[in-house]
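To keep things clear, I will list the structure first and then write my remarks on it.
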């Protein structure tokens with residue numbers, strides 16, 4: 289079993305010797321003469337083991353170790369020591385170094401250490417993935433400033449009982465942030481109940497939230513507990529809260545203010561102790577101004593706002609996210625460990641990700657399944673990733689990126705529907721009939737409309753398969769189709 293190793297040492301002979309030892313054993317190697325170069329390499333590439341010299345002229349090895357652990361907490365680092373620096377090496381192990389070796393320890397000792405480090409990393413990675421699958425919880429992954437700001441806000445608000453409003457586009461991890469707040473709160477032992485307000489029909493959402501008595505509505509055959517009651521002593525997460533009707537908003541406001549609810553079909557008041565976390569991808573102040581959202585409810589929910597940044601604004605986090613999803617799906621599908629070639633990471637960082645982290649996850653899963661080897665290469669990427677432009681934007685510009693080798697080759701002209709061919713010729717706004725959108729709202733609506741229509745046609749209007757390819761819940765897609773007036777002719 290071999291992996292990838294990075295040797296960081298200011299002495300060329302040391303770097304060359306350790307590289308040669310690993311190459312002869314089948315490892316891939318890279319080297320850097322100092323801490324700055326090493327951190328640059330680690331930002332764009334993944335290494336199983338890093339050998340780090342403590343005494344370098346440009347930066348102290350302890351400081352470099354701290355930087356590595358800050359950016360990649362799980363990175364395995366083996367310290368290289370010279371004569372008289374054992375005490376400092378011991379300090380490095382306290383800071384997270386895996387082991388330390390003297391530079392003249394010999395070939396066998398170096399390879400044995402690398403092998404143990406690799407085995408440890410693989411076991412730890414598999415353990416994290418399995419635990420995440422069992423608990424269905426994930427970490428908010430990121431090393432950039434925007435991700436760090438989210439984590440700082442979570443750390444501040446989680447120990448309190450304050451209501452939180454999480455803002456952000458679809459697929460940015462709003463539910464994950466809500467889960468983190470609950471898990472780090474005094475209510476962590478209580479339930480965490482999720483409600484997707486956009487996925488529940490308006491006539492049923494009241495019963496879903498507050499419960500119902502037998503016979504309260506057609507099909508109600510017994511007393512039903514609502515989500516607020518189920519979350520008693522814990523947290524309720526109201527996802528897409530901007531999609532609730534104003535009638536239901538009034539009852540939610542009472543539940544928040546008074547801690548009181550009434551089941552549909554009952555006049556009995558029930559008391560609940562629930563922390564409310566809400567999320568939306570809508571501009572709620574604009575909804576308030578338009579009379580679609582209650583102002584008093586908005587102020588009640590917006591005690592502590594947390595913004596989930598879109599993935600295109602934190603491209604530095606793409607390598608970490610992609611590596612995490614890659615490991616997860618390799619284990620999930622029983623496949624040997626795979627890795628990305630550096631050029632693929634560059635393409636992933638360049639892509640604008642209109643579907644955000646959810647879209648990245650779907651793309652990585654597709655690559656894991658379709659890539660035949662252990663190295664995911666450029667040709668294993670989808671057409672849009674290689675072009676750096678979402679597929680709908682490509683069709684707007686009338687461009688095509690041919691893929692004759694990879695698993696994502698475009699359909700032959702005869703296989704493309706006439707509607708899809710006509711859409712690729714020009715981008716015109718359905719509202720105005722003119723070429724190009726008039727504003728950002730119109731552009732986003734048109735982009736969403738075309739992307740959904742393309743997915744539906746690719747899957748012959750099978751809504752379930754189209755929703756899966758778009759990273760949406762089936763009910764969400766039905767709702768968007770209704771909003772965009774999309775139907776099969």
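Numbering (the numbering used here), first residue to last: 289 to 777.
Here a beta-carbon is modelled for each residue, glycine too, at the ideal position from N, C-alpha and C.
*Which same chain residues, not among the five before or five after residue 360, have their C-beta less than 8 Å away from its C-beta?*
As a working mapping, residue 360 is identified with position 72 in the chain shown. Taken in chain order, the residues that qualify are 330, 431 and 608.
_Beta carbon of residue 635 nearer than 8 Å to that of residue 641_ = Within the chain shown, residue 635 is the residue found at index 347, counting from 1. Within the chain shown, residue 641 is the residue found at index 353, counting from 1. Taking 8 Å as the Cβ cut-off, residue 635 and residue 641 do not qualify as a contacting pair.
*residue 308 (DSSP reduced to helix, strand or coil)*: For the purposes of this step, residue 308 is taken as the residue at position 20 of the chain shown. If DSSP states are grouped into helix, strand and coil, residue 308 belongs with the helices.
*asked:* Per the DSSP calculation, residue 388 is bridged to which residue(s)?
replied: Position 100 of the chain shown, counted from the first residue, corresponds to residue 388. Looking at the DSSP assignment, residue 388 forms a beta bridge with 367.
*Report all residues from its chain with a CB closer than 7 Å to the CB of residue 678; omit the five preceding and five following residues, and keep chain order.*
As a first step, residue 678 must be located in the chain shown, where it is residue number 390. Counting only residues of its own chain and dropping the five nearest sequence neighbours on each side, residue 678 has a CB closer than 7 Å to the CB of 640, 642 and 672.
_Straight-line gap, residue 406 to residue 412 (C-alpha atoms, nearest Å)_ = Indexing the chain shown from 1 puts residue 406 at position 118. Indexing the chain shown from 1 puts residue 412 at position 124. Roughly 10 Å between the two C-alpha positions.
*Tell me residue 480's beta-bridge partners as DSSP assigns them.*
Taking the first residue of the chain shown as position 1, residue 480 is located at position 192. Residue pairing for residue 480: DSSP places it in a beta bridge opposite 523.
*Neighbourhood of residue 309 by C-beta distance below 6 Å, restricted to the same chain and skipping five residues each side*: Looking up residue 309 in the chain shown gives position 21. Same-chain partners within the cutoff: 395 and 398.
*asked:* Just to confirm the assignment, what range does the beta strand (DSSP E) spanning residue 337 have?
replied: Against the chain shown, residue 337 aligns to sequence position 49. Going by DSSP, residue 337 is part of the beta strand (DSSP E) stretching over 337–341.
*asked:* My output table needs one value for residue 460: the three-state DSSP class, helix, strand or coil.
replied: Residue numbering aside, residue 460 sits at position 172 when the chain shown is read from its first letter. In this structure, residue 460 counts as coil in the three-state DSSP scheme.
*Since residue 778 and residue 461 are thought to touch, with beta carbons under 8 Å apart, how far apart are those beta carbons, to the nearest angstrom?*
Any property of residue 778 remains undetermined from this structure, which presents the chain solely from 289 to 777.
*Would you mind stating whether residue 452 and residue 565 have Cβ atoms separated by less than 8 Å?*
Taking the chain shown and counting its residues from 1, the one referred to as residue 452 is at position 164. Taking the chain shown and counting its residues from 1, the one referred to as residue 565 is at position 277. Yes, the pair counts as a contact, with Cβ atoms nearer than the cut-off.
*Exposure of residue 447, with buried meaning 16 or more beta-carbon neighbours within 10 Å*: Counted from its first residue, the chain shown places residue 447 at position 159. By the 10 Å Cβ count, residue 447 comes out exposed.
*What residue range is occupied by the uninterrupted beta strand (DSSP E) comprising residue 747?*
The sequence position of residue 747 within the chain shown is 459, counting from 1. Looking at the DSSP string, residue 747 is not in any beta strand (DSSP E), and its letter there is neither H nor E.
*Say whether the stretch 524–541 touches the stretch 467–487, bearing in mind that this needs 3 or more beta-carbon pairs closer than 8 Å, one atom from each stretch.*
The way I'd put it, the stretch 524–541 does touch the stretch 467–487; three or more beta-carbon pairs between them come closer than 8 Å.
*C-alpha gap between residue 383 and residue 353, whole angstroms*: Numbered from 1 along the chain shown, position 95 holds the residue referred to as residue 383. Numbered from 1 along the chain shown, position 65 holds the residue referred to as residue 353. About 8 Å.
*Apart from the five residues on each side of it in sequence, which residues of its chain come closer than 6 Å, Cβ to Cβ, to residue 493?*
Translated into positions along the chain shown, residue 493 becomes position 205. Spatial neighbours of residue 493 in its own chain (CB-CB distance under 6 Å, excluding positions within 5 residues in sequence) are listed in chain order as 536.
*If you follow the beta strand (DSSP E) that residue 566 is part of, which residue opens it and which one closes it?*
Here residue 566 refers to the residue found at position 278 of the chain shown. Looking at the DSSP string, the run of the beta strand (DSSP E) that includes residue 566 is 563–568.
_With a threshold of 8 Å, are at least 3 pairs of Cβ atoms found where one atom belongs to the stretch 601–618 and the other to the stretch 559–576?_
Here the stretch 601–618 does not lie against the stretch 559–576, with fewer than 3 beta-carbon pairs under 8 Å apart.
_Would residue 541 and residue 600 qualify as a contact pair, given that the criterion is a beta-carbon distance under 8 Å?_
As a position in the chain shown, residue 541 is number 253, starting the count at 1. As a position in the chain shown, residue 600 is number 312, starting the count at 1. For the pair residue 541 and residue 600, the CB atoms are not nearer than the 8 Å cut-off.
_Going residue by residue through the stretch 588–612, where are the continuous alpha helix (DSSP H) segments of at least 4 residues, counting only ones entirely within it?_
Within the stretch 588–612, no complete alpha helix (DSSP H) segment of 4 residues or longer occurs.
*Buried or exposed: where does residue 449 fall if 16 or more other Cβ atoms within 10 Å of its Cβ makes it buried?*
Stepping through the chain shown from its first residue, residue 449 is reached at position 161. Counting every other CB atom within 10 Å of its CB across the protein chains shown gives residue 449 a total below 16, marking it as exposed.
*Got a sec, what are the start and stop residues for the alpha helix (DSSP H) residue 429 sits in?*
The residue labelled residue 429 in the question sits at position 141 within the chain shown. According to the DSSP assignment, residue 429 belongs to no alpha helix (DSSP H), since it is labelled neither H nor E.
*Round the Cβ separation of residue 657 and residue 621 to the nearest angstrom and send it over; I've been treating them as touching at under 8 Å.*
As a position in the chain shown, residue 657 is number 369, starting the count at 1. As a position in the chain shown, residue 621 is number 333, starting the count at 1. About 7 Å; that satisfies the 8 Å criterion.
_Span of the beta strand (DSSP E), counted from its first residue to its last, around residue 549_ = Counted from its first residue, the chain shown places residue 549 at position 261. In the DSSP annotation of this structure, the continuous segment of the beta strand (DSSP E) that includes residue 549 starts and ends at 548–550.
*Terminal residues of the continuous alpha helix (DSSP H) containing residue 648?*
For this step, residue 648 is matched to residue 360 along the chain shown. Taken as a continuous stretch (DSSP letters only), the alpha helix (DSSP H) holding residue 648 covers 644–658.
*For the candidate residues 437, 488, 512 and 485, whose alpha-carbon lies nearest to that of residue 498?*
Here residue 498 corresponds to residue number 210 of the chain shown, with the count starting at 1. The shortest CA-to-CA distance from residue 498 to any of 437, 488, 512 and 485 is the one to 512.
_In DSSP terms, what residue 544 is bridged to_ = Within the chain shown, residue 544 is the residue found at index 256, counting from 1. None; residue 544 has no bridge partner.
*Identity of the residue in 631, 290, 653 and 559 nearest residue 676 by Cα*: Taking the first residue of the chain shown as position 1, residue 676 is located at position 388. Shortest Cα-Cα distance from residue 676 to any of 631, 290, 653 and 559 involves 631.
*asked:* Helix, strand or coil, according to DSSP, for residue 769 in the structure here?
replied: Taking the chain shown and counting its residues from 1, one reaches residue 769 at position 481. If DSSP states are grouped into helix, strand and coil, residue 769 belongs with the helices.
*Just tell me which of 500, 573 and 408 has its CA closest to the CA of residue 554.*
The count along the chain shown starts at 1 and reaches residue 554 at position 266. Checked all of 500, 573 and 408; the closest Cα to residue 554 is 500.
*Does DSSP put residue 329 in a helix, a strand or coil?*
As a working note, residue 329 is residue 41 in the chain shown. Residue 329 sits in a helix when the DSSP states are folded into three classes.
*When you compare each of 346, 489, 332 and 336 to residue 297 by their alpha carbons, which one comes out closest?*
On the chain shown, position 9 is the one that residue 297 refers to. Looking from the CA of residue 297, the closest CA among 346, 489, 332 and 336 belongs to 346.
*Just confirm the distance between the C-beta atoms of residue 368 and residue 408, as a whole number of angstroms; I'd bet it's less than 8 Å.*
The residue you call residue 368 lines up with position 80 of the chain shown. The residue you call residue 408 lines up with position 120 of the chain shown. So it is not a contact: roughly 18 Å between Cβ atoms.
_Member of 773, 761 and 772 whose CA lies at the smallest distance from the CA of residue 485_ = Here residue 485 refers to the residue found at position 197 when the chain shown is read from its first residue. Comparing Cα-Cα distances from residue 485 to each of 773, 761 and 772, the minimum goes to 761.
*asked:* Please identify the residue among 560, 559 and 530 whose C-alpha is closest to the C-alpha of residue 576.
replied: Along the chain shown, one-based indexing puts residue 576 at 288. Measuring from the Cα of residue 576, the nearest candidate turns out to be 530.
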